[in-house]
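Colleague: Protein chains in written order, with the UniProt record's numbering: chain A, 1 to 213; chain B, 1 to 693.
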């Protein structure tokens, strides 16, 4: 149990770029001036995405949190509290691709262990929570992503890859290595959470159904 | 009022009270860790569970509001089992290191585990361990002991106004930390030790020194500032081990400044423990009798007007009274308690006191600070200003200041100007804050010593009084004209009339060679080299500070923990302290030294018991007969303008108000002798000073 950041990793400075600034303006509009501290969560995420754009590692450094605290008139510790509470904010540098495997009950029953194994094998990561040596991948285990109908799920950054298994995971990682991002969604022959291979029920029109009765 | 039934007993409590408060009102003790009556309610320890009739499950009483006719059960099997379960959870990760824990014996968790703990643990897994944090030289952490009640987080955010502590991460990994390692910057950080219910935050300087049950506890008054904080001096053997605050809602609530708490180790160092006499330019130890005789010989033939006395900041009223009487007996009217050269209107008591009293801050609705930095000059009072500021809500308690702050005052302040010129704008109404003060029902002006020790102090003082007059600072039952003292002895000395007589010399003139013999009663806070080379200096005090080195005769006195004393705080509250330990070596209580010398000098003072001396003090000023209270003038709140001119006389001097206290941690002989305070001053040195190194 240690402080979740290391001094050596921290950049010296952080300034929001034009894209982030535009987003911040939009976010701040949602809250009254006196309650602008409420904007801390979206702005933390804006900072994290900017870091992803700029350095290829989407995380929130201390200097960014201090900057956010200053903008929102909060004590810096209040921002640290929020950022460290939510697991979707990374307070340490991560790989370019953040592989988040759901291992909660539904996914686990549908074979998430194979997905984790495949991730480890394809990236060379030994333990969950680590970053691969080439700095491309960070593997984390997450709780239910709320897409149980398409279990198991592998979330890469913001995208859900669904109905994964070992080989499809390895294929996905191989694609990511070539800087290619396959389309998100089920990797099997499935549309959204509809049954594999097309519809299985309600095949007839309502009229035909009533005629058959 | 709302009627609630607690275990069958009906009690009436104010609407909006919590079930816990109702239970307390009914005399039921509710165990708790996170709830603290002076902090916001967090409700995260779950120890205060009670049963509310018709509620489906036990409720946390600290955050459960009462309603009419609510029936609360505090001692049923359901409640007991629920609390036992909570205790079991709390103890899962709490280490079993009570034998080596400084909190042992005064630990809430330990005490309550006696009532609700099971004898055995069912927990087989590894306990959690948390890395310790470095919070600076005062607060030691053993974070594995933390039960995450968040009292420290709420204290530093709400009371101290320095939001630096927080709870980061979540669940099993949650921990209390500053995140970025840094020393806490509050002057009230010692109170974290008191509010921590377990041994996670303990005192660093006194770590592993003593057990709470070994102390002899003596009630006393803090002298590090003029607030008159009620303290308890805890001693073991002949040594003061630690100082903790006592609860007094009218003065300090239950807080104590760091200087008052941690200067204790200064009481053992650099002490004057025997009389010294300078012979041929060198100080030699001497007996009391020889010292008195040689001093009497030196005084022999010197006329009264060539003798003077200056009183220091830490003196008790008893020694001040005795010294004044001795000086009068010697025919001198050169006495002064204002070693900093401050100017007050001393014609009435209201002229130099914090007239609204400290509790008055709870009612004030606008505040003007003139040359005052309460955060350093009176940290506990500053917490009271902050409390009012938070309680009044946004814009409810406008605060303006003349003179900037070197540190964050912990509340929003509009700085109107850096020097007394800014008063002009308030007087002629051109400054918008004049209107704010005028519209306020209970406006307040706090006049600090940064303004009162300037060469134009009299003009500034009178301008403030005129402003007070103009904006109605004194109105029915309210007197918001407040002088903030920094010296614990000052108000008492002014009450005793420890001021130059009609032909007497003030402190500055005495130093300038106005006297041949100068008696310094613990006076160290002025440039010692200003004393003329031919002046014969008697230093009576407890620490070998600057003045003792210059002295020709040293009379070793007692520090505030070593003598029963009377102190008047800045609000005029007369309070008494008791002796916790005896003075070291041959040192004596100061008034006894003066009484003994008066006999040798042939002017025996007419009292030889403490009671007789206190009767004499009450004869000098009747306020000394009323202990623990603030005596208002018989005529109520005197109109401040009575007998003093209302037109601003003279011009303001140029230049800004300079901060009075450059280093909060070292402002008097005791704190300068304290290694802990020296360490604090090193750690908390202003950034520019560090950069210069």
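Positions of the beta carbon are idealized from the N, C-alpha and C atoms, including for glycine.
With distances taken between CB atoms, is the gap from residue 289(B) to residue 310(B) smaller than 8 Å?
Modeller: Here residue 289(B) corresponds to residue number 289 of the second chain, with the count starting at 1. Here residue 310(B) corresponds to residue number 310 of the second chain, with the count starting at 1. Contact flag unset, no.
Colleague: When we look at the beta-carbon of residue 191(A) and count the other beta-carbons within 10 Å, is it buried (16 or more) or exposed?
Modeller: The residue given as residue 191(A) occupies position 191 in the first chain. The Cβ neighbour count for residue 191(A), taken over all protein chains shown within 10 Å, is under 16; the residue is labelled exposed.
Colleague: If we count the other Cβ atoms within 10 Å of its Cβ and call it buried at 16 or more, is residue 208(B) buried or exposed?
Modeller: Within the second chain, numbered from 1, the residue matching residue 208(B) stands at position 208. The residue in question, residue 208(B), is exposed, as its Cβ has fewer than 16 Cβ neighbours within 10 Å.
Colleague: So residue 694(B) contacts chain A; which residues on that side make the cut at Cβ distance below 7 Å?
Modeller: Since the first and last residues shown for chain B are 1 and 693, residue 694(B) lies out of range.
Colleague: Please list, in chain order, the chain A residues whose beta carbon lies closer than 9 Å to that of residue 164(B).
Modeller: As a working mapping, residue 164(B) is identified with position 164 in the second chain. The answer, in chain order, is 75, 76, 77.
Colleague: With a cut-off of 8 Å, does the C-beta of residue 40(B) fall near any C-beta of chain A?
Modeller: Here residue 40(B) corresponds to residue number 40 of the second chain, with the count starting at 1. Judged by the 8 Å Cβ criterion, residue 40(B) is not in contact with chain A.
Colleague: Residues of chain B with a CB under 7 Å from the CB of residue 161(A): which are they?
Modeller: Indexing the first chain from 1 puts residue 161(A) at position 161. Within chain B, no residue comes near residue 161(A); the closest Cβ sits about 27 Å away, beyond 7 Å.
Colleague: Quick check: is the beta carbon of residue 69(A) nearer than 8 Å to any beta carbon in chain B?
Modeller: Residue numbering aside, residue 69(A) sits at position 69 when the first chain is read from its first letter. No, its Cβ sits nowhere closer than 8 Å to a Cβ of chain B.
Colleague: Tell me which residues share the same chain as residue 189(A) and place their Cβ nearer than 7 Å to its Cβ, disregarding the 5 neighbours each side in the sequence.
Modeller: Here residue 189(A) is taken as the residue at index 189 of the first chain, counted from 1. 196, 197.
Colleague: If the cut is a Cβ gap below 7 Å, which residues of chain B does residue 80(A) touch?
Modeller: Residue 80(A) sits at position 80 when you count from the first residue of the first chain. Per Cβ cutoff of 7 Å: 166, 168, 179.
Colleague: Under 9 Å between beta-carbons, which chain B residues line up against residue 34(A)? List them in chain order, please.
Modeller: Working through the first chain from its first residue, we reach residue 34(A) at position 34. Under the 9 Å cutoff, chain B gives 394.
Colleague: Terminal residues of the continuous beta strand (DSSP E) containing residue 219(B)?
Modeller: Taking the second chain and counting its residues from 1, one reaches residue 219(B) at position 219. Run containing residue 219(B): 216-221, per the beta strand (DSSP E) assignment.
Colleague: Compute the distance between the beta-carbons of residue 554(B) and residue 256(B), then report whether it is under 8 Å.
Modeller: As a position in the second chain, residue 554(B) is number 554, starting the count at 1. As a position in the second chain, residue 256(B) is number 256, starting the count at 1. Going by C-beta atoms, residue 554(B) is not nearer than 8 Å to residue 256(B).
Colleague: Return the chain-ordered list of same chain residues with a C-beta closer than 6 Å to the C-beta of residue 148(A), the five sequence neighbours on each side being excluded.
Modeller: Here residue 148(A) refers to the residue found at position 148 when the first chain is read from its first residue. Taken in chain order, the residues that qualify are 106.
Colleague: The alpha helix (DSSP H) spanning residue 21(B) covers which residue range?
Modeller: Along the second chain, one-based indexing puts residue 21(B) at 21. That run of the alpha helix (DSSP H) goes 19-25.
Colleague: Please confirm whether residue 62(B) and residue 41(B) have their CB atoms less than 8 Å apart.
Modeller: Position 62 of the second chain, counted from the first residue, corresponds to residue 62(B). Position 41 of the second chain, counted from the first residue, corresponds to residue 41(B). Cβ atoms of residue 62(B) and residue 41(B): closer than 8 Å.
Colleague: Tell whether a beta-carbon distance below 8 Å holds between residue 569(B) and residue 293(B).
Modeller: Residue 569(B) sits at position 569 when you count from the first residue of the second chain. Residue 293(B) sits at position 293 when you count from the first residue of the second chain. Against a cut-off of 8 Å, the Cβ pair of residue 293(B) and residue 569(B) comes out as no contact.
Colleague: Measuring alpha carbon to alpha carbon, tell me which of 602(B), 591(B), 598(B), 629(B) ends up nearest residue 611(B).
Modeller: As a working note, residue 611(B) is residue 611 in the second chain. Closest by alpha carbon: 591(B).
Colleague: Expressed to the nearest angstrom, what Euclidean distance is found between the alpha-carbon atoms of residue 232(B) and residue 520(B)?
Modeller: Residue numbering aside, residue 232(B) sits at position 232 when the second chain is read from its first letter. Residue numbering aside, residue 520(B) sits at position 520 when the second chain is read from its first letter. Using only the alpha carbons, I get a separation of about 28 Å.
Colleague: Residue 535(B) to residue 579(B), Cα distance in whole Å?
Modeller: Numbered from its first residue, the second chain carries residue 535(B) at position 535. Numbered from its first residue, the second chain carries residue 579(B) at position 579. If I take the Cα positions, the gap works out to 34 Å.
Colleague: My guess is that residue 66(B) and residue 17(B) are in contact by the Cβ rule of under 8 Å, so how many angstroms apart are they, rounded?
Modeller: Counting from 1 along the second chain, the entry for residue 66(B) is found at position 66. Counting from 1 along the second chain, the entry for residue 17(B) is found at position 17. Contact flag correct, Cβ pair sits at about 5 Å.
Colleague: Taking the alpha carbon of residue 600(B) as the point to measure from, which residue in 329(B), 100(B), 531(B) has its own alpha carbon closest?
Modeller: Start at 1 with the first residue of the second chain, and residue 600(B) comes out as number 600. It is 329(B).
Colleague: Check the DSSP bridge columns for residue 336(B) and list the partner residues they point to.
Modeller: Locating residue 336(B) in the second chain gives position 336, where the first residue counts as 1. DSSP lists 310(B) as partners of residue 336(B).
Colleague: Please state if the CB of residue 307(B) and the CB of residue 515(B) are separated by a distance shorter than 8 Å.
Modeller: Numbered from its first residue, the second chain carries residue 515(B) at position 515. Numbered from its first residue, the second chain carries residue 307(B) at position 307. Cβ distance < 8 Å, so residue 515(B) and residue 307(B) count as in contact.
Colleague: Can the beta-carbon of residue 660(B) be found closer than 8 Å to that of residue 486(B)?
Modeller: Against the second chain, residue 660(B) aligns to sequence position 660. Against the second chain, residue 486(B) aligns to sequence position 486. Yes, these two residues count as a Cβ contact at 8 Å.
Colleague: What is the C-beta distance between residue 188(B) and residue 178(B), in whole angstroms, given that I count them as a contact (C-beta under 8 Å)?
Modeller: By one-based count along the second chain, residue 188(B) stands at place 188. By one-based count along the second chain, residue 178(B) stands at place 178. The Cβ separation is near 16 Å, so there is no contact.
Colleague: Using only the alpha-carbon positions, how far apart do residue 360(B) and residue 480(B) sit?
Modeller: What you label residue 360(B) is simply residue 360 of the second chain in a count that begins at 1. What you label residue 480(B) is simply residue 480 of the second chain in a count that begins at 1. Put simply, the backbone Cα of residue 360(B) is about 8 Å away from that of residue 480(B).
Colleague: Which whole-angstrom value is the C-beta distance of residue 220(B) and residue 560(B), which I expect to be below 8 Å?
Modeller: As a first step, residue 220(B) must be located in the second chain, where it is residue number 220. As a first step, residue 560(B) must be located in the second chain, where it is residue number 560. Taking a contact as a CB-CB distance under 8 Å, the pair residue 220(B) and residue 560(B) counts as one, their CB atoms being some 7 Å apart.
Colleague: Apart from the five residues on each side of it in sequence, which residues of its chain come closer than 6 Å, Cβ to Cβ, to residue 400(B)?
Modeller: As a working mapping, residue 400(B) is identified with position 400 in the second chain. Excluding residues within five positions, the ones whose Cβ falls inside 6 Å are 368, 414, 416, 433.
Colleague: Please report the distance separating the alpha-carbon of residue 540(B) from that of residue 522(B).
Modeller: Translated into positions along the second chain, residue 540(B) becomes position 540. Translated into positions along the second chain, residue 522(B) becomes position 522. So the two alpha carbons sit approximately 6 Å from each other.
Colleague: Mind the definition here: the segment 105-114 of chain B touches the segment 30-49 of chain B only if three or more C-beta pairs lie below 8 Å; say whether that holds.
Modeller: yes
Colleague: Please classify residue 213(B) as buried or exposed, where buried requires at least 16 neighbouring CB atoms within 10 angstroms.
Modeller: Taking the first residue of the second chain as 1, we reach residue 213(B) at position 213. So residue 213(B) ends up on the exposed side.
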